[in-house]
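Trainee: For the protein sequence lines, the chains are A and B, in the order given.
Position 239 of the first sequence, counting from 1, maps to 239 under my numbering, and the rest follow consecutively.
Position 190 of the second sequence, counting from 1, maps to 466 under my numbering, and the rest follow consecutively.
Ideal Cβ placement from N, Cα and C applies to all residues, glycine included.
Structure in structure tokens, see below.
2 protein chains.
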Amino acid sequence: MNSTQLFEQIVRKRSFLCVGLDTDPAKIPAFLREEEDPVFAFNRAVVDATAPFAVSYKPNLAFYEACGARGWRSYEKTVEYIRRTYPEIFIIADAKRGDIGNTSRLYARTFFEGEAAVDAVTLSPYMGRDTAEPFLQYEGRWAVLLALTSNGSASDFEMQRMASGECLYETVLRTSREWGTAENTMYVVGATKTDMLHAVRAIVPDHFLLVPGVGAQGGSLEEAARFGMNGKCGLLVNSSRGIIYADNGERFAEAAAEKAAELARRMGGLLDAFLK
Amino acid sequence: MNSTQLFEQIVRKRSFLCVGLDTDPAKIPAFLREEEDPVFAFNRAVVDATAPFAVSYKPNLAFYEACGARGWRSYEKTVEYIRRTYPEIFIIADAKRGDIGNTSRLYARTFFEGEAAVDAVTLSPYMGRDTAEPFLQYEGRWAVLLALTSNGSASDFEMQRMASGECLYETVLRTSREWGTAENTMYVVGATKTDMLHAVRAIVPDHFLLVPGVGAQGGSLEEAARFGMNGKCGLLVNSSRGIIYADNGERFAEAAAEKAAELARRMGGLLDAFLK
Chain A
1 MNSTQLFEQI VRKRSFLCVG LDTDPAKIPA FLREEEDPVF AFNRAVVDAT APFAVSYKPN
61 LAFYEACGAR GWRSYEKTVE YIRRTYPEIF IIADAKRGDI GNTSRLYART FFEGEAAVDA
121 VTLSPYMGRD TAEPFLQYEG RWAVLLALTS NGSASDFEMQ RMASGECLYE TVLRTSREWG
181 TAENTMYVVG ATKTDMLHAV RAIVPDHFLL VPGVGAQGGS LEEAARFGMN GKCGLLVNSS
241 RGIIYADNGE RFAEAAAEKA AELARRMGGL LDAFLK
Chain B
277 MNSTQLFEQI VRKRSFLCVG LDTDPAKIPA FLREEEDPVF AFNRAVVDAT APFAVSYKPN
337 LAFYEACGAR GWRSYEKTVE YIRRTYPEIF IIADAKRGDI GNTSRLYART FFEGEAAVDA
397 VTLSPYMGRD TAEPFLQYEG RWAVLLALTS NGSASDFEMQ RMASGECLYE TVLRTSREWG
457 TAENTMYVVG ATKTDMLHAV RAIVPDHFLL VPGVGAQGGS LEEAARFGMN GKCGLLVNSS
517 RGIIYADNGE RFAEAAAEKA AELARRMGGL LDAFLK
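Structure, rendered in structure tokens:
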């Protein structure tokens with residue numbers, strides 16, 4: 001998918017919502033646990049209920065790997081289901097991988113080829129260009145590089161000052177924007193750091209940003225839009241727990257849809273207000 | 277496992293060899309492909325042949341994930357086999373994970389609990405302390421943080437100068453050594469960067485270092501030992517392709533054993549020469 005197609009979907013749905021499928025088997029409603037694959041059954045119901053309000057889904061691999069081979073299969077089935085049923089949806093594997101050479105090529109093949117191919121993968125930039133290179137070879141697929149994350153200990157390294165006067169996250173943005181283009185690279189910028197979105201946009205005005213931290217982590221959707229939106233929206237704002245665990249009983253999917261619809265309604269207003 | 281037990285094994289085997297199980301299904305001998313689980317059959321044979329010369333095995337998750345759920349099962353079976361058959365061996369899951377909060381806790385549980393529990397996991401430090409914290413809660417288990425990697429683009433960020441005058445990898449070492457101790461934290465330092473081992477040892481004199489890059493990547497075992505060894509050896513030197521793909525036919529396991537034995541012989545000499 002290219003950025004124009006993604007933007008068209010955003011305009012059509014009046015939403016730049018990414019729903020994080022951080023599906024913890026311990027947190028899904030009890031009645032689903034009798035299903036053959038409870039995690040997949042949960043995800044399918046959440047996706048069907050929220051797809052009118054979301055342009056993207058982001059399964060976090062940690063939650064699937066925690067169940068070993070069985071969990072990996074739930075992940076694949078989820079991706080295959082979304083791809084087949086909602087082909088316009090942008091799927092991000094939140095894997096935060098980061099390796100080099102032949103290993104990085106294998107990760108790229110794992111995520112970008114076959115039945116369970118996704119549109120984008122999150123990557124840690126620590127090891128440099130070698131990490132992203134194999135992912136950038138795939139036409140229409142995206143590397144989503146961690147830049148400035150929403151957690152407290154982002155201050156340990158990401159926000160440390162370099163000899164150049166920039167912070168590390170700025171150096172990561174400035175260096176890595178040369179590896180690819182705004183058509184194959186996105187950046188993770190936490191919604192808890194909206195005061196730094198100015199600095200981010202000064203370096204990567206055209207790139208899409210994946211913004212986690214709205215909701216459970218306390219980030220502001222409105223501030224993310226005010227400081228981060230560009231002429232093609234340029235934002236995917238993620239919410240996970242606030243949507244998928246909105247209700248713990250029979251009506252978990254309706255509750256998820258309500259939360260997603262509410263976020264989409266606010267997003268529609270922000271698109272009207274800020275889209276330049 | 278604690279560092280004393282690891283050191284005792286190093287002295288007993290006169291080796292600080294870690295064998296990287298980067299098992300690519302396309303590269304294993306043709307006659308093994310008729311096995312029910314060719315990757316596991318290959319790993320088991322390599323482990324049985326090389327265990328007298330190795331103190332550690334390091335399966336790289338990328339190679340297993342590339343085969344989806346089936347590959348994940350091969351990984352689990354490999355770990356379970358090593359744990360059961362060679363309980364003294366130090367197993368490192370080379371996953372290079374890096375996430376935060378509840379996600380990081382899930383990764384820690386995945387790798388440190390259950391039948392396929394390993395001794396150590398490699399982690400990317402980019403997001404700071406939150407990444408390592410859950411792993412450091414497990415008694416006798418280890419976080420192996422990327423510090424200075426063996427690849428060319430380590431210069432993109434790891435070797436960039438900070439405002440403090442240090443390089444980023446030095447800041448990572450200095451900051452992260454406070455998160456845990458030399459009993460639960462190791463560092464990845466590439467053998468292609470042995471001239472920087474002085475700087476590394478100035479900051480973390482007592483920690484074990486996991487040193488990849490000997491062999492295929494051109495790093496020198498002798499230099500790694502000269503500049504990196506401490507009073508408890510303090511090194512695990514990894515070789516992957518040079519051992520496991522030493523021969524492509526019926527005698528792949530014997531060939532792997534010969535390569536491992538040759539490295540162990542050199543390591544024995546280095547232990548005699550440099551152990552202080």
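(1) Could you tell me whether any Cβ in chain A is nearer than 7 Å to the Cβ of G544(B)?
(2) A66(A) and T386(B) look like a contact to me (Cβ under 8 Å); what is the Cβ gap, rounded to whole Å?
(3) Along the region 441-452 of chain B, where does the CB come closer than 9 Å to a CB of chain A? Name the residues.
(4) Residue range of the alpha helix (DSSP H) that F90(A) falls in?
(5) Should Q137(A) be labelled buried (16 or more other beta-carbon atoms within 10 Å of its own) or exposed?
(6) Does the beta carbon of W418(B) sit closer than 7 Å to a beta carbon anywhere in chain A?
(7) Going by DSSP, what residue range makes up the beta strand (DSSP E) through A306(B)?
(8) Using 8 Å as the Cβ pair cut-off and three pairs as the minimum, do the region 132-146 of chain A and the region 103-120 of chain A touch?
(9) Report yes or no: is there a C-beta of chain A within less than 7 Å of the C-beta of F316(B)?
(10) May I have the straight-line CA-CA distance separating A430(B) from A257(A), to the nearest angstrom?
(11) Check whether the Cβ of K77(A) sits closer than 6 Å to any heavy atom of the ligand NAP, and report yes or no.
(12) Per DSSP, what are the beta-bridge partners of G296(B) in this structure?
(13) In this structure, how does DSSP classify M553(B) when only helix, strand and coil are distinguished?
(14) Rounded to the nearest angstrom, what separates R405(B) and S56(A) at their Cα positions?
(15) Shorter than 7 Å from the beta carbon of F576(B) to some beta carbon of chain A?
(16) Determine the burial state of T457(B): buried for a count of at least 16 other Cβ atoms within 10 Å of its Cβ, exposed for fewer.
(17) Considering only the alpha carbon of each residue, which of L209(A), K232(A) and G231(A) lies closest to A224(A)?
(18) In chain order, what residues of the same chain have a beta carbon less than 7 Å from the beta carbon of A261(A), not counting five sequence neighbours either side?
(19) Rank V118(A), P29(A) and I100(A) by C-alpha distance to the C-alpha of S124(A) and give the top, closest one.
(20) Residues of chain B with CB under 7 Å from S153(A), in chain order?
(21) Output yes if chain A places a C-beta closer than 7 Å to the C-beta of Y463(B); else output no.
(22) Would a check of beta-carbon distances place I376(B) closer than 7 Å to chain A?
(23) Does the region 426-443 of chain B come close enough to the region 150-168 of chain A that 3 or more CB-CB pairs lie under 8 Å?
(24) Tell me whether N60(A) is buried or exposed, calling it buried when 16 or more other Cβ atoms sit within 10 Å of its Cβ.
(25) Given E88(A), which residues of its chain have a CB within under 7 Å of its CB, disregarding the five upstream and five downstream residues?
(26) What whole-angstrom Cβ distance do S176(A) and E133(A) have, given they're in contact under 8 Å?
(27) Between I358(B) and the rest of its own chain, which residues show a CB-CB distance below 8 Å, the 5 nearest in sequence each way excluded?
(28) Below 8 Å CB to CB, which residues in the same chain sit around Y362(B) once its five sequence neighbours on both sides are set aside?
(29) When burial is assigned at 16 or more other CB atoms within 10 Å of the CB, is D395(B) buried or exposed?
Mentor: In short, the structure shows the following:
(1) Walking along the second sequence from the start, residue 544(B) turns up at place 268. So, not an interface residue.
(2) Here residue 66(A) refers to the residue found at position 66 when the first sequence is read from its first residue. Here residue 386(B) refers to the residue found at position 110 when the second sequence is read from its first residue. That pair is a contact at about 5 Å.
(3) G441, L444, T447, V448, T451 and S452
(4) Walking along the first sequence from the start, residue 90(A) turns up at place 90. First-last for F90(A): F90 to R97, but that is the beta strand (DSSP E), not the alpha helix (DSSP H).
(5) The residue labelled residue 137(A) in the question sits at position 137 within the first sequence. Label assigned to Q137(A): exposed.
(6) Within the second sequence, numbered from 1, the residue matching residue 418(B) stands at position 142. No, its Cβ sits nowhere closer than 7 Å to a Cβ of chain A.
(7) Here residue 306(B) refers to the residue found at position 30 when the second sequence is read from its first residue. That residue, A306(B), is in no beta strand (DSSP E); it is neither H nor E in DSSP.
(8) yes
(9) Within the second sequence, residue 316(B) is the residue found at index 40, counting from 1. So, not an interface residue.
(10) Within the second sequence, residue 430(B) is the residue found at index 154, counting from 1. Within the first sequence, residue 257(A) is the residue found at index 257, counting from 1. Computed Cα separation, rounded: 44 Å.
(11) Looking for the ligand NAP in the displayed structure turns up nothing, as the structure carries no ligands at all.
(12) Along the second sequence, read from residue 1 onward, the residue named residue 296(B) stands at position 20. DSSP, once it has assigned bridges, lists K334(B) as partnering G296(B).
(13) Because chain B spans 277 through 552 in this model, residue 553(B) falls outside it and cannot be assessed.
(14) Position 129 of the second sequence, counting from 1, holds the residue named residue 405(B). Position 56 of the first sequence, counting from 1, holds the residue named residue 56(A). When rounded, the distance between both Cα atoms is 29 Å.
(15) Not covered by the structure: residue 576(B). The range shown for chain B is 277 to 552.
(16) As a first step, residue 457(B) is located in the second sequence; it is residue number 181 there, counting from the start. Answer is exposed; the Cβ neighbour count stays below 16.
(17) Mapped onto the first sequence, residue 224(A) falls at position 224. When each option's Cα is compared against that of A224(A), the closest is L209(A).
(18) The count along the first sequence starts at 1 and reaches residue 261(A) at position 261. Correct list, in chain order: F53.
(19) Stepping through the first sequence from its first residue, residue 124(A) is reached at position 124. It is I100(A) whose Cα lies nearest to the Cα of S124(A).
(20) Taking the first residue of the first sequence as position 1, residue 153(A) is located at position 153. Under the 7 Å cutoff, chain B gives M403, G404, R405 and D406.
(21) Counting from 1 along the second sequence, the entry for residue 463(B) is found at position 187. It does not; no Cβ of chain A falls within 7 Å.
(22) Here residue 376(B) corresponds to residue number 100 of the second sequence, with the count starting at 1. So yes, I376(B) belongs to the interface.
(23) yes
(24) Walking along the first sequence from the start, residue 60(A) turns up at place 60. So N60(A) ends up on the buried side.
(25) For the purposes of this step, residue 88(A) is taken as residue 88 along the first sequence, with counting starting at 1. Hits under 7 Å: Q9.
(26) Residue numbering aside, residue 176(A) sits at position 176 when the first sequence is read from its first letter. Residue numbering aside, residue 133(A) sits at position 133 when the first sequence is read from its first letter. Not confirmed; about 11 Å, so no contact.
(27) Your numbering for residue 358(B) matches position 82 in the second sequence. V323, Y333, I365 and I367.
(28) Along the second sequence, one-based indexing puts residue 362(B) at 86. Same-chain partners within the cutoff: V323 and A327.
(29) Residue numbering aside, residue 395(B) sits at position 119 when the second sequence is read from its first letter. With 16 or more other Cβ atoms within 10 Å, it is buried.
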